[in-house]
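To start, the structure itself, in structure tokens.
Take a look at the structure:
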């Protein structure tokens, strides 16, 4: 009973306390203190008349004690009392809940942490319950939540609502987390059960909470989407645990109550106006299905056009696949199948079992049971969920076929590679592996059309350099010729390879980060093309900066001109390029090579050469040529 | 899991006043928003009773004097546990005052 009260109230309590103490970890600690106090006192003293308010006031008291201890030195109690005044209006509660959601779904956290923290703080679930829902260990979840709280503290994530610039992105993150929880429950990605209804319920509650706190179109759209999807929960699994596809479901078992709640949320969203977002569009699609009295009466053209809109907002492979299904019903299986062709080579869908499953259905409707069976087998191999895998295997087995004629692609490739020398087999193997994954090992070699092979090649290597493209093409040609299908590559052509370009010297002297003296010297050598010795022999009094020339006949251009003033500084005469140090007293230096201002020596050829070589690996002479 | 909560009343149950309406309104709103309360409504005290026996189909008008307590309201709720439905019932009874509710799990 205490647990039930806790789950109903914890979001409100933790949210209010986070506002008070500014740290979600502390807030949760004080809330837990209150829960412990309830467990100690309620069984003996009886449950208070308003258990939620009781928990809240105990938790607040703990928090205030804590704050007093923290602030004892610098705040008077009067101020403190002012800060901590009660302001528990419903508006405040809603705001706090929203803030807490923004916090627990903050983008600095990795998605699994957002999910765990949201279920903990807003759903009031225990670590053990979350672990059970995600089929993982309690330690894992406990660590995940502790890490998340630490990350929030480290990033100093505040409890304030995000500003207008940030708000949309932050809300999107919250919606994503809620939908993730829903799907984890509704479409149990792994494990033996097809659904974990607990999580579905939690997500619906979170969605309701969010819709109350932030009644925006996308929030209501998500709520509508979840309600309508959840309405099919009972109808989508057979007693044996197998999934039943939407168009075969007994619509009488759809939960009309949930559908109506979904419609209501949808209507509210529409009243708010504005262009529909991704969740609202998905909800609209769900509404189309929910409104059809029978599968045959589904408004597929409408659904297909909603998917068109959705694809514009979220151009993901999964949306494209769903659109292909809708088009398959609206405009015939061939139209749908055509749309799936590009998807077969999409790396994002390589391990997605629904792609071959969808293709299998379309192929079956086209009267091609052979390829359909292979797609079902492929789908079964990819499915993580035991019930779904069994279902797909049965569908494959149900298609009674004659043995296909001729060799199959998988074994043919293996035999072909076995007959090649090892390096060739390795290189060709990479190419042909892609062909096998895209077309399927069980496909007869006689079946793929040149267009299909061209599509596989273009999707896989279309963007590569001509040399790479030609290498893959050679492999395909060689295999085609060997297996008696020289036409396999008929739709593919070699690409002209550009002549090899010489590598530019790296690093070039222009890019090297050096002292102003070196930079000026190098640019002067480069722009003047004068011999190194003559450039080093330059004196300040020789220079005509305005005319960009020296009395000794050396001329330069803009880059040198820009660098010289800094190099000269306040000097009026003496060597232009100076060494870094004064000469040792024992060493005699010609007076002409000494700077009258600094007493430094003229920079020597050897030193200049050494510095350039160290920086670029070249000799100074190359500067005159580059 | 879903439960149907029926609130019962007899002739001694006082008629609802304004305070009760306001509190009940807030409670219903909160529980609906949370996704807990799926449907609710009040029931007329009398109603009709139909009896079928073989070919015979009999309709009787209420109220039915033999029943001491009759259901006057229902709520269909979706909850996590039996504990939770009991907590809801406790809150509900605190608003409506003394009396009896029946709770049945929807199977």
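Residue numbers (the working numbering), protein chains in the order written: chain B, 1 to 626; chain S, 627 to 733. Just so it is clear, CB atoms sit at the ideal spot from N, CA and C, and this is done for glycine as well. Note that the coordinates shown come from a computational prediction; the quantities given were computed from them, not determined experimentally.
Contacts that residue i makes with chain B (C-beta to C-beta distance below 9 Å)
i                      : result
residue 644 of chain S : Near residue 644 of chain S there are no residues of chain B at all, since even the closest Cβ is about 19 Å away, more than 9 Å.
residue 720 of chain S : 49 and 50
Cβ neighbour criterion (16 or more within 10 Å) applied to residue i
i                      : result
residue 51 of chain B  : buried
residue 511 of chain B : exposed
residue 189 of chain B : Here the model assigns residue 189 of chain B a pLDDT of 45, short of 50, so the residue's position is not dependable, and the following value carries that caveat. The residue in question, residue 189 of chain B, is exposed, as its Cβ has fewer than 16 Cβ neighbours within 10 Å.
residue 36 of chain B  : exposed
residue 272 of chain B : exposed
residue 108 of chain B : exposed
residue 422 of chain B : exposed
residue 334 of chain B : exposed
residue 383 of chain B : buried
residue 353 of chain B : buried
residue 681 of chain S : exposed
residue 28 of chain B  : buried
residue 155 of chain B : exposed
residue 593 of chain B : buried
residue 290 of chain B : buried
residue 125 of chain B : buried
residue 307 of chain B : buried
residue 641 of chain S : exposed
Cβ neighbours of residue i in the same chain (closer than 6 Å, five flanking residues each side left out)
i                      : result
residue 556 of chain B : 524, 527, 528 and 548
residue 65 of chain B  : none
residue 282 of chain B : 225
residue 597 of chain B : 571
residue 96 of chain B  : 15, 16 and 19
residue 82 of chain B  : Only weak support is given to the placement of residue 82 of chain B: the predicted model assigns it a pLDDT of 49, under 50, and the question is left unresolved by the model.
residue 309 of chain B : 281
Continuous beta strand (DSSP E) stretch holding residue i: start and end
i                      : result
residue 628 of chain S : 628 to 635
residue 675 of chain S : 674 to 679
residue 697 of chain S : 696 to 704
residue 682 of chain S : 682 to 687
residue 614 of chain B : Note, residue 614 of chain B: premise wrong, no beta strand (DSSP E); alpha helix (DSSP H) at 605 to 616.
residue 727 of chain S : 726 to 732
Range covered by the alpha helix (DSSP H) that runs through residue i
i                      : result
residue 559 of chain B : 558 to 568
residue 665 of chain S : Run containing residue 665 of chain S: none in the alpha helix (DSSP H); it sits in the beta strand (DSSP E), 663 to 668.
residue 157 of chain B : It is not in any alpha helix (DSSP H) - residue 157 of chain B carries neither H nor E in the DSSP assignment.
residue 535 of chain B : 532 to 536
residue 288 of chain B : 278 to 291
residue 526 of chain B : 516 to 528
residue 308 of chain B : 300 to 313
residue 428 of chain B : 422 to 439
residue 179 of chain B : 164 to 186
Chain B residues whose Cβ lies nearer than 7 Å to that of residue i
i                      : result
residue 713 of chain S : 1, 4, 5 and 8
8 Å contact criterion, which residue i and residue j should meet: CB distance rounded
i                      : j                      : result
residue 94 of chain B  : residue 212 of chain B : 6 Å
residue 433 of chain B : residue 396 of chain B : At roughly 23 Å, the Cβ-Cβ gap does not stay under 8 Å, so residue 433 of chain B and residue 396 of chain B are not in contact.
residue 492 of chain B : residue 441 of chain B : So it is not a contact: roughly 22 Å between Cβ atoms.
residue 707 of chain S : residue 4 of chain B   : 6 Å
residue 538 of chain B : residue 605 of chain B : Incorrect: roughly 13 Å between the Cβ atoms, too far for contact.
residue 343 of chain B : residue 355 of chain B : 6 Å
residue 734 of chain S : residue 669 of chain S : For residue 734 of chain S there is no data in the structure shown, the boundaries of chain S being 627 and 733.
Chain-ordered chain S contacts of residue i [CB-CB under 8 Å]
i                      : result
residue 99 of chain B  : Chain S residues near residue 99 of chain B: none, gap ~17 Å exceeds 8 Å.
residue 218 of chain B : Neighbours of residue 218 of chain B on chain S: none; closest Cβ ~17 Å, over 8 Å.
residue 257 of chain B : 664, 665 and 702
Close beta carbons around residue i, own chain, < 7 Å, minus the five adjacent residues each side
i                      : result
residue 726 of chain S : 634 and 695
residue 559 of chain B : 523 and 527
residue 232 of chain B : 249 and 254
residue 221 of chain B : 269, 277, 279, 280 and 283
residue 520 of chain B : 560, 563, 564 and 567
residue 23 of chain B  : 153
Within chain S, the residues that residue i reaches when beta carbons sit closer than 7 Å
i                      : result
residue 205 of chain B : 660 and 661
residue 208 of chain B : 659, 660 and 661
residue 388 of chain B : Simply none; closest approach about 25 Å.
residue 659 of chain B : Given a span of 1 to 626 for chain B in the structure shown, any question on residue 659 of chain B remains unanswerable.
residue 201 of chain B : 704 and 706
residue 222 of chain B : Chain S residues near residue 222 of chain B: none, gap ~13 Å exceeds 7 Å.
Cβ shell of residue i (< 8 Å), same chain only, five flanking positions each side left out
i                      : result
residue 427 of chain B : 471 and 475
residue 496 of chain B : 466
residue 375 of chain B : 356, 357, 359, 360, 363 and 440
Under 9 Å from the C-beta of residue i: neighbouring residues of chain S
i                      : result
residue 175 of chain B : Correct list: empty, because the minimum Cβ distance to chain S is about 16 Å.
residue 103 of chain B : In chain order: nothing, as chain S lies at least about 20 Å away.
residue 119 of chain B : Ordered by position in chain S, no residue passes the 9 Å Cβ test against residue 119 of chain B, which lies about 12 Å from the chain.
Where residue i meets chain B, residues with beta-carbon distance less than 8 Å
i                      : result
residue 710 of chain S : 4, 7 and 8
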